[in-house]
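Quick note: the sequence shown uses this note's numbering, first residue 284, plus one each step.
Note sheet for the following structure.
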Amino acid sequence: MSALAVDPLWPRAGGWPAWSAHEDRETDAATAVIVGVPTWRTSLSPTAAHTTPAAVREALRRYSPTLLGPPPVDLTSVLRILDAGDVADPDGADGEERAAARVHEISGSADLVIALGGDNAATVPVARGAQAAGLITIDAHFDLRDGISNGSPVRRLVEGGLDPTRVVQVGIADFANSAAYARRAADLGITVITLDELRSRPEADVVAQALSVAGGSDADSSPGGIHVDIDVDVCDRSVAPGCPASVPGGLSADALRRLVRALARDPRLRSADIVEVDAASDAPDARTVRLAALCVLDLLAGLARRPRGSA
284 MSALAVDPLW PRAGGWPAWS AHEDRETDAA TAVIVGVPTW RTSLSPTAAH TTPAAVREAL
344 RRYSPTLLGP PPVDLTSVLR ILDAGDVADP DGADGEERAA ARVHEISGSA DLVIALGGDN
404 AATVPVARGA QAAGLITIDA HFDLRDGISN GSPVRRLVEG GLDPTRVVQV GIADFANSAA
464 YARRAADLGI TVITLDELRS RPEADVVAQA LSVAGGSDAD SSPGGIHVDI DVDVCDRSVA
524 PGCPASVPGG LSADALRRLV RALARDPRLR SADIVEVDAA SDAPDARTVR LAALCVLDLL
584 AGLARRPRGS A
């Protein structure tokens with residue numbers, strides 16, 4: 284990236300302080316912690332997604348941390364934003380355990396953990412580490428395949444104990460799935476909101492349904508937060524060419540960002556991942572990586588807008 288202009292009156296996002304395992308809360312501000320989980324080895328498509336966390340951090344520097352409001356708000360003035368670095372080699376059984384342990388450790392001092400993938404395999408250790416009891420995926424695909432790959436995280440989480448009736452899949456697309464996996468989702472009791480349905484309904488209604496289902500019917504008897512899996516390949520290929528599985532006709536970038544920000548406003552959402560971006564195959568203008576970086580900022584914006592005292 285070429286050198287960026289320096290203006291003391293235009294602070295840049297990113298470059299946040301390092302997270303420490305001995306982190307103490309010094310303020311009442313909500314805390315968000317970013318961590319890289321650069322999975323890539325089991326991807327069904329050739330990918331260099333392990334290069335993406337660094338690329339997203341670099342892309343964050345292109346943006347300011349300011350919400351215009353009114354009134355305008357600098358996110359760094361109302362949130363505590365920290366960066367825990369990357370989990371080393373998070374693929375395979377040992378790598379997944381390392382990643383899950385790191386996320387679990389971080390979640391003890393964070394209101395929101397934001398994991399930078401990596402391919403969709405990252406969802407498994409991140410959701411497990413955060414002890415998520417509900418799952419919302421924004422994804423064109425069911426991710427219910429057999430085996431271990433970036434196409435199987437939802438199936439693996441359910442087999443690991445996640446209640447499938449608290450799984451909501453938003454954006455499932457025609458011609459990107461099979462009838463067999465659609466039946467599997469139905470048999471498991473997973474709530475599916477297809478891309479066509481998403482476009483035909485008010486977004487606020489979709490968000491409310493997703494949070495209600497993933498949150499459980501009784502918060503007191505359903506401990507554990509919600510994890511949101513943001514698979515950028517749900518987007519149209521024109522805005523996400525760096526996603527191996529994105530297709531023409533997918534979700535718009537602004538629609539994805541609105542969903543992400545709206546979901547993050549709910550205090551039950553405790554963790555998120557942003558996955559399936561291959562920085563090495565992105566367009567020359569890095570538009571896919573830039574979209575992923577904006578999703579980070581939208582998660583932070585949602586966190587900043589949570590009801591006071593809920594974080």
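Just so you know, even glycine gets a beta-carbon here, dropped at the ideal spot from N, CA and C.
All figures in this text were calculated on a predicted structure; none of them were measured in a lab.
For Q492, report the span of its alpha helix (DSSP H) as first-last.
486-498
Which residue's Cα is closest to the Cα of Q492: V451, D565, L440?
V451
H333 by DSSP, collapsed to three states: which one?
In the three-state scheme derived from DSSP, where H, G and I count as helix and E and B as strand, H333 is classed as helix.
DSSP has H510 in a bridge; who is on the other side?
Per DSSP, L418, S554.
Between T325 and D374, is the Cβ-Cβ spacing less than 8 Å?
Yes. Within cutoff.
Output needed for A384: all residues of its chain with C-beta closer than 8 Å, excluding positions within five of it in sequence on either side, in chain order.
G412
Where does P336 land, buried or exposed, given buried means 16+ other C-beta within 10 angstroms?
Burial is judged here by how many other beta carbons sit within 10 angstroms of a residue's own beta carbon; P336 has at least 16 and is buried.
Nearest to A469 by CA position, among F458, A545, T448, is which residue?
Here the closest residue by C-alpha is T448.
DSSP three-state label for T322, please.
coil
What do you get for F425, buried or exposed, if any count of 16 or more other CB atoms within 10 angstroms of its CB means buried?
buried
What three-state label does DSSP hand I397 in the structure shown?
strand
Assign D503 to one of three DSSP states: helix, strand, or coil.
With a pLDDT of only 47 at D503, under the threshold of 50, the placement of this residue in the model should not be trusted; the figure read from the coordinates follows. Correct three-state label for D503: coil.
Could you tell me the distance, in whole angstroms, from the CA atom of D556 to the CA atom of L292?
Approximately 31 Å, taken between the alpha carbons.
State the beta-bridge partners of V579 as determined by DSSP.
DSSP output for V579 lists no bridge partner at all.
Residues in its own chain within less than 6 Å of R381 by CB, not counting five upstream and five downstream?
In chain order, V370 place their CB closer than 6 Å to the CB of R381, counting only its own chain and leaving out the 5 sequence neighbours on each side.
Per DSSP, what kind of secondary structure is A315 in: helix, strand or coil?
strand
What ranges does the alpha helix (DSSP H) occupy inside the stretch 399-468, keeping only unbroken runs of at least 4 residues that lie completely in it?
406-412, 436-442
Whole angstroms is fine: what's the gap from N403's alpha carbon to S360's?
32 Å
Check the Cβ-Cβ distances between P329 and every residue of chain C, and say whether any is below 8 Å.
The displayed structure is made up of one protein chain only, and chain C is not part of it.
When the Cα atoms are used, what is the spatial distance from D290 to A569?
23 Å
Which residues does DSSP pair with A301 in a beta bridge?
D366
Could you tell me which of V316, A459, V407, E341 sits nearest to A393, measuring between CA atoms?
V316
Quick check: what's the CA-CA separation for H333 versus V515?
Cα to Cα, H333 sits roughly 15 Å from V515.
Could you compute how far the alpha carbon of A523 sits from the alpha carbon of E442?
A523 and E442: Cα-Cα distance of roughly 31 Å.
Distance check for V543 and S285, CA to CA, integer angstroms please.
29 Å
How many Å lie between R588 and I431 at the Cα?
37 Å
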